[in-house]
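K.L.:
Numbering (UniProt numbering), first residue to last: 1 to 264. Beta carbons: idealized from backbone N, C-alpha and C, even for Gly. No experiment lies behind these values; they were computed from the predicted model shown.
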Amino acid sequence: MTGDATPRGTIDRLYALNAGLAVAPDRSVYSPGRWKGEQITLSCNAYLMRRAGEWMMWDTGIDDGVAEEAGGRVIAHTIRGIVVRTIVCQLADVGITPADVGRVFLSHAHFDHIGNAGLFRHAVWHIQRREHEAMFGPDYEDHGYAPSLYRCLNEAKVELADGDLDVFGDGSVRVVSTPGHTPGHCSLLVRLAKTGPVLLSGDVAHYRFNMEHRCVPSMNSDPGESRRSMERVDAIVRREGAQLWLNHDVVQTATIPHAPAYFD
């Protein structure tokens, strides 16, 4: 991250989208040593952004097709995905279609973040190189990936990043490297004129307890990297005076207005 001398632009709008629910049978997988055998429901969010007339997405949520299945579908790691309202419908609430989205930023390739890749195969995708290599490498199962969800990216325009990236050179959209949950996991810092900076943390920490106690889920690819990424996110939030949005924290998610409401 660069210092205060960096020009600071803003995006015009930020919309939170309901990207489904993930229901896991054992919360202790996320917080080892606590809540053994307790079921947990995690919120899933995707985010729509507009900047200078361009529409962009951060993650794509659980596959819209799951909405047609009563009770959802067990997709990966015994986790059941549930879709109450599709991403397509929520974009329509804003007055656009998936075809209007020109860029997609990917935090990582788990099913609840990349499930609707097929809707945006026309867009430019921004993915960390380490994540891309793991997604398409021979050991993808070790990281809980399902290549059928993102095979369409073989034909998409993909721009690979190696670490942090100030996308437009003005500080309005910054990719922040936060590996550990997966090999190339990243977060996104966006800046709005009225709301100020918001850090979309992806799965750096699934909910507040894990962030506060540096508690690393057992499925993470690298516990040491995970903790360093939590420390980094904390430092950025303090330095920037940013809001920290934890993607899977159902308590916090309930306090964030979702589309068609927006932040500016």
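In chain order, what residues of the same chain have a beta carbon less than 6 Å from the beta carbon of A134, not counting five sequence neighbours either side?
P.N.:
H143 and P183, listed in sequence order.
K.L.:
Could you tell me how far apart the beta carbons of W55 and I114 are, in whole angstroms, since I believe they sit closer than 8 Å?
P.N.:
Actually they are not in contact, since the Cβ atoms of W55 and I114 sit about 18 Å apart, beyond 8 Å.
K.L.:
With a 10 Å radius around its C-beta and 16 neighbouring C-beta atoms as the bar for buried, classify E212 as buried or exposed.
P.N.:
Looking at its Cβ environment, which holds fewer than 16 other Cβ atoms inside 10 Å, E212 is exposed.
K.L.:
Mind reading off the beta-carbon distance from S172 to G9? Whole number of angstroms is fine, and I expect it under 8 Å.
P.N.:
Contact flag correct, Cβ pair sits at about 4 Å.
K.L.:
What's the gap between the Cα of I62 and the Cα of A117?
P.N.:
Rounded to whole angstroms, I62 to A117 spans 10 Å at the Cα level.
K.L.:
In three-state DSSP terms, what is H143?
P.N.:
H143 falls in the helix class under three-state DSSP.
K.L.:
Contact check, A16 vs A259 under 8 Å by CB: the rounded distance?
P.N.:
Confirmed, about 7 Å.
K.L.:
Can you tell which of L21, A24, I11 and S31 has the C-alpha that lies nearest to the C-alpha of N220?
P.N.:
Here the closest residue by C-alpha is S31.
K.L.:
Let's see if you can read the secondary structure: which residues bound the beta strand (DSSP E) around Q90?
P.N.:
Unbroken run through Q90 is the alpha helix (DSSP H), I87 to V94; no beta strand (DSSP E).
K.L.:
For T2, which residues from the same chain have a beta carbon less than 6 Å from its beta carbon, with the 5 sequence-adjacent residues on both sides left out?
P.N.:
Here the model assigns T2 a pLDDT of 39, short of 50, so the residue's position is not dependable and the matter cannot be decided.
K.L.:
In three-state terms, what does DSSP make of V74?
P.N.:
V74: strand per DSSP, three-state reduction.
K.L.:
Please classify G241: is it buried, with 16 or more other beta-carbons within 10 angstroms of its beta-carbon, or exposed?
P.N.:
Exposed.
K.L.:
Got a sec? Which residues, its chain only, sit under 7 Å from residue 270 by beta carbon, not counting five neighbours each side?
P.N.:
No information on residue 270 is available, as it lies outside the stretch 1 to 264 that the chain covers here.
K.L.:
Got a sec, what are the start and stop residues for the beta strand (DSSP E) N247 sits in?
P.N.:
Looking at the DSSP string, N247 is not in any beta strand (DSSP E), and its letter there is neither H nor E.
K.L.:
Have a look at F111, T178, D170 and D166 and flag the residue whose alpha-carbon is nearest the alpha-carbon of R151.
P.N.:
It is F111 whose Cα lies nearest to the Cα of R151.
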